[in-house]
Amino acid sequence: MAGTTDAPVTRESCVDDARAVALRAGGLVLVADQFEEVFTLCAAERERRRFIEVLSALAGPDGGHARAPVLVVIGVRADFYATCLEHPELVSALRDGQLPLGPMTREELREAIEGPALRTGLTLDPGLPELLLAELGVHGDDGRPP
10 MAGTTDAPVT
20 RESCVDDARA
30 VALRAGGLVL
40 VADQFEEVFT
50 LCAAERERRR
60 FIEVLSALAG
70 PDGGHARAPV
80 LVVIGVRADF
90 YATCLEHPEL
100 VSALRDGQLP
110 LGPMTREELR
120 EAIEGPALRT
130 GLTLDPGLPE
140 LLLAELGVHG
150 DDGRPP
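Numbering (my numbering), first residue to last: 10 to 155.
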């Protein structure tokens, strides 16, 4: 894998390594949450562009689809859509692959935490969903922080 030898890490090596892991595992989901931080915290334009290029290459030539070995999911605030659209690699994903989420109730947040694990046969540690909800600042039934 990239980084385990003295060979330089390249876009191609990152993509090849991730695809190899995905093929061995039967698939791979790569989640880049709070994607807006690519624009707010990364001051190096070249580094930002390379990161976006790697994500795009992992998703496939058409921006990704369910059959790709690597499914790339980005979570980005709506107020950063215009900034994302300045990058051609992100246009098709934002146009064709978006799933806008509005405010969630406490129960919907709990399902978002527990559901994926339960559907894949995993067991969450007791109290983990409540801990995560508390860390999110959720105290009422509507799911919003006070």
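Built from N, CA and C at the ideal position, the CB exists for glycine as well.
Under the three-state reduction of DSSP, which class applies to residue i: helix, strand or coil?
| i | result |
| --- | --- |
| residue 41 | strand |
| residue 108 | coil |
| residue 97 | helix |
| residue 118 | helix |
From the DSSP output, read off the bridge partner residues of residue i.
| i | result |
| --- | --- |
| residue 83 | 41 |
Which residue's Cα is closest to the Cα of residue i: the options?
| i | options | result |
| --- | --- | --- |
| residue 146 | 124, 126 and 115 | 115 |
| residue 40 | 17, 83 and 57 | 83 |
| residue 8 | 43, 58, 66 and 36 | Nothing about residue 8 can be read from this structure; the chain reaches only from 10 to 155. |
| residue 37 | 45, 86, 28 and 43 | 28 |
| residue 80 | 118, 113, 109 and 35 | 35 |
| residue 58 | 85, 20, 43 and 30 | 20 |
Looking at the secondary structure, which residues open and close the alpha helix (DSSP H) in which residue i lies?
| i | result |
| --- | --- |
| residue 129 | Note, residue 129: premise wrong, no alpha helix (DSSP H); not H, not E. |
| residue 64 | 54–68 |
| residue 138 | 137–144 |
Using the Cβ count rule (16 or more neighbours within 10 Å means buried), how would you classify residue i?
| i | result |
| --- | --- |
| residue 144 | exposed |
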